[in-house]
Amino acid sequence: NSELIQSFINNFIKIDEEIDVETYMIDTKLEIMYLLAIDDIESKLIIDILSSSIKSSNNDISYKSIRTIGNLIVHEKKYMDIMYDLIENLPTRKNLLAISIFVKDLSIKNNTKDIVVGKFIKRVVKSKDEIHDFISQGNFKDDDIISYIWVLGEFGDIEELIWFFNFLTAFI
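According to my numbering, the residues represented by the sequence shown are 19 to 190, in order.
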């Protein structure tokens, strides 16, 4: 039975960049993967597929795979190690902004500043020039930037938040 499910996931649910070019196809497959992982149906395989999809050259697939993993992490703490890995190893720019939503959601849900928040803030401070350059080009989603600002305001260095506020006002 497990082999049948694995075969189904690999042949029909896994995102194929050459076939799955429509947004609705990508969204549907990611939603199915999310639901399977939440119900602990081949969750290891799902995580492996999502982790691979994050490295996709297709920005939409990469971004949405990060969002799917983030939703899993907020729902199930057992995936927390994946968040640590994402924060430390993802290329910055769009991907790090996408993670800010889940850092915010985790800190609100757990009512705490935990290891995830600390790792995220360290990575942001280390990569701020690259992130700010990306933001200045207007290449971000509104909810990502709102969460990014929230995390900086709630947990970040006040100097970084003031610098970022001045940075943003230059573009308004």
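The beta carbon of each residue, even a glycine, is placed where N, CA and C say it ideally should be.
Look at the Cβ atom of residue i, then the Cβ atom of residue j, and state whether they are nearer than 9 angstroms.
{"i": "Leu115", "j": "Tyr166", "result": "yes"}
{"i": "Trp168", "j": "Lys122", "result": "yes"}
{"i": "Lys137", "j": "Glu106", "result": "yes"}
{"i": "Asp162", "j": "Ile119", "result": "yes"}
{"i": "Ile23", "j": "Glu60", "result": "yes"}
{"i": "Val142", "j": "Glu178", "result": "yes"}
{"i": "Leu170", "j": "Ile139", "result": "yes"}
{"i": "Leu63", "j": "Ile84", "result": "no"}
Would you mind giving the Cβ-Cβ distance between residue i and residue j, rounded to the nearest angstrom? I have them listed as a contact below 8 angstroms.
{"i": "Asp48", "j": "Val92", "result": "Note that residue 48 corresponds to Leu in the displayed sequence, not to Asp. Not a contact, Cβ separation roughly 15 angstroms."}
{"i": "Ser71", "j": "Ile33", "result": "6 angstroms"}
{"i": "Glu35", "j": "Ser80", "result": "The Cβ separation is near 10 angstroms, so there is no contact."}
{"i": "Ile117", "j": "Gly88", "result": "7 angstroms"}
{"i": "Ile44", "j": "Ala55", "result": "In fact, because the Cβ distance is near 16 angstroms, the residues do not count as touching under 8 angstroms."}
{"i": "Phe185", "j": "His150", "result": "6 angstroms"}
Along the chain, where does the alpha helix (DSSP H) that runs through residue i open and close?
{"i": "Asn107", "result": "98–107"}
{"i": "Ile87", "result": "77–93"}
{"i": "Glu172", "result": "160–173"}
{"i": "Ile31", "result": "Segment: none, Ile31 is in no alpha helix (DSSP H) and carries neither H nor E."}
{"i": "Ile44", "result": "41–56"}
Leaving out the 5 sequence neighbours to the left and right, which residues in its chain are closer than 7 angstroms to residue i when beta-carbon positions are compared?
{"i": "Thr86", "result": "Leu48, Met51, Tyr52, Leu68"}
{"i": "Asp38", "result": "Ile44, Lys47"}
Please return the same chain residues whose Cβ sits closer than 6 angstroms to the Cβ of residue i, not counting the five positions on each side in sequence.
{"i": "Leu90", "result": "Ala55, Tyr97"}
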